[in-house]
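Comments concern the structure below.
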Amino acid sequence: MSTGVAVEAANLHRQFGAKVVLRDLNFHAEPGEFVVIVGRSGCGKSTLLRLLAGIDRAERGSIQISGEVLIGLCSSARMVFQDGRLLPWLRVGDNVALGLPKDNDGRVRDMLDRVGLADRIRDWPAILSGGQKQRVALARALAANPGLLLLDEPLGSLDALTRLEMQGLIESLWHQSGATTILVTHDVEEAVALADRIVLLKRGHAEDEWLVDLPRPRDRSNPAFSGLVQSVLGHVMEV
Ligand SMILES: Nc1ncnc2c1ncn2[C@@H]1O[C@H](COP(=O)(O)OP(=O)(O)OP(=O)(O)O)[C@@H](O)[C@H]1O
Ligand SMILES: [Mg+2]
Numbered sequence: 573m574s575t576g577v578a579v580e581a582a583n584l585h586r587q588f589g590a591k592v593v594l595r596d597l598n599f600h601a602e603p604g605e606f607v608v609i610v611g612r613s614g615c616g617k618s619t620l621l622r623l624l625a626g627i628d629r630a631e632r633g634s635i636q637i638s639g640e641v642l643i644g645l646c647s648s649a650r651m652v653f654q655d656g657r658l659l660p661w662l663r664v665g666d667n668v669a670l671g672l673p674k675d676n677d678g679r680v681r682d683m684l685d686r687v688g689l690a691d692r693i694r695d696w697p698a699i700l701s702g703g704q705k706q707r708v709a710l711a712r713a714l715a716a717n718p719g720l721l722l723l724d725e726p727l728g729s730l731d732a733l734t735r736l737e738m739q740g741l742i743e744s745l746w747h748q749s750g751a752t753t754i755l756v757t758h759d760v761e762e763a764v765a766l767a768d769r770i771v772l773l774k775r776g777h778a779e780d781e782w783l784v785d786l787p788r789p790r791d792r793s794n795p796a797f798s799g800l801v802q803s804v805l806g807h808v809m810e811v
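Here the working numbering is used: the first residue of the sequence shown is 573, the next is one more, and so on.
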């Protein structure tokens, strides 16, 4: 189990040409917290995740990871994208082993086992289904025990049933790993199902947030669940 890091971003400003995407954005996550970021397409969710991962830099503002100012790549972070981004020329097991020290066979098997794909270790990514590819991407991201797991719409391309199954998997992987987890999604129901706290990104900053104080795993038939979904949705849609 890793120790989840604390994330503290202050006054982030990021623009592309004349287009300001993030302005004076403040964001934080507690160690081990599951934060879900929602917001309309183009509001800057992926931009924020890239800044936290250290693969892009803000013009102004600062990011601290467990109290240390982030310069360059965030060594404690691993990211999963919507399309998985497995390397097609490496078998499943070798994809998971990327970035691990040599002699890691046990770890690779263990991770694939946790995502239910231990028997696919020798397969090529091309023959996996979309959901299986995302399972491998999650196994790869968590293999090195990251303190920070960044998930950019990892279930965006999956059908509704597979999404539900994968949400359960993400919740249990988060629980087992202890990693601070920041998930971006368009799906407000997914946000309420998974988050300790939901942050709404709008007009370049964190405009609203909701603590999700419901027992896990979340019961979607609970009126409090659907009430919160409606409330968040209303704020997301409001111009
Ligand atoms: N490298 C870049 N160069 C120019 N513009 C960019 C770049 N990256 C992002 N943008 C712009 O910044 C804005 C925010 O993009 P971003 O990808 O962060 O949105 P998003 O909230 O993740 O949207 P979606 O939900 O559709 O994925 C968009 O208008 C996008 O066109
Ligand atoms: Mg995006």
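Virtual Cβ for every residue (Gly too), placed ideally from N, Cα, C.
Query                                                                                                        : Result
Sequence-distant residues of the same chain with beta carbon closer than 6 Å to A709, five excluded per side : V652 and G656
Around ligand 2, Cβ to any heavy atom closer than 7 Å, ordered along the chain                               : K617, S618, D724, E725 and V756
Residues near E580 by beta carbon distance below 6 Å, same chain, minus five either side                     : H600 and Q636
Collapsed DSSP secondary structure at E743 in the structure displayed                                        : helix
CB contact check: D785 to chain B, cutoff 8 Å                                                                : The displayed structure is made up of one protein chain only, and chain B is not part of it.
Whole-number beta carbon distance between R681 and R693, since they are thought to touch under 8 Å           : A small correction: the amino acid at residue 693 is Ile; Arg does not occupy that position in the sequence shown. Yes, I693 and R681 are in contact; Cβ-Cβ is about 7 Å, under 8 Å.
Beta-carbon separation (whole angstroms), D596 vs H777, contact threshold 8 Å                                : 6 Å
N676 - containing beta strand (DSSP E), residue span                                                         : First-last for N676: undefined, no H or E at that position.
Sequence-distant residues of the same chain with beta carbon closer than 8 Å to S613, five excluded per side : H758
Beta carbon of Q706 nearer than 8 Å to that of P726                                                          : yes
Bridge partners - D780, DSSP secondary structure assignment                                                  : L772
Outcome for R632 when other beta-carbon atoms lying within 10 angstroms are tallied against a minimum of 16  : exposed
Every unbroken beta strand (DSSP E) inside the segment 588-612 [3 residues or more]                          : 591-601 and 606-610
Simplified DSSP assignment, three categories, for E725                                                       : coil
C-beta contact flag for P697 and V664 at 8 Å                                                                 : yes
CA-to-CA distance, L662 to E810, given in whole angstroms                                                    : 45 Å
Residue interval of the alpha helix (DSSP H) (run including S793)                                            : Counting along the chain, S793 falls outside any alpha helix (DSSP H), and DSSP gives it neither H nor E.
Proximity winner among K674, N583, H747 and K617, relative to A630 (alpha-carbon distances)                  : N583
Exposure of M641, with buried meaning 16 or more beta-carbon neighbours within 10 Å                          : Strictly speaking, residue 641 in this sequence is Val, with Met absent from that position. It is exposed - the Cβ of V641 has fewer than 16 other Cβ atoms within 10 Å.
Separation of E779 from V577, as counted between CA atoms                                                    : 24 Å
Endpoints, the beta strand (DSSP E) within which V764 is located                                             : Note, V764: premise wrong, no beta strand (DSSP E); alpha helix (DSSP H) at V760 to L766.
Neighbour-count burial assignment, N667, 16 or more Cβ in a 10 Å radius                                      : buried
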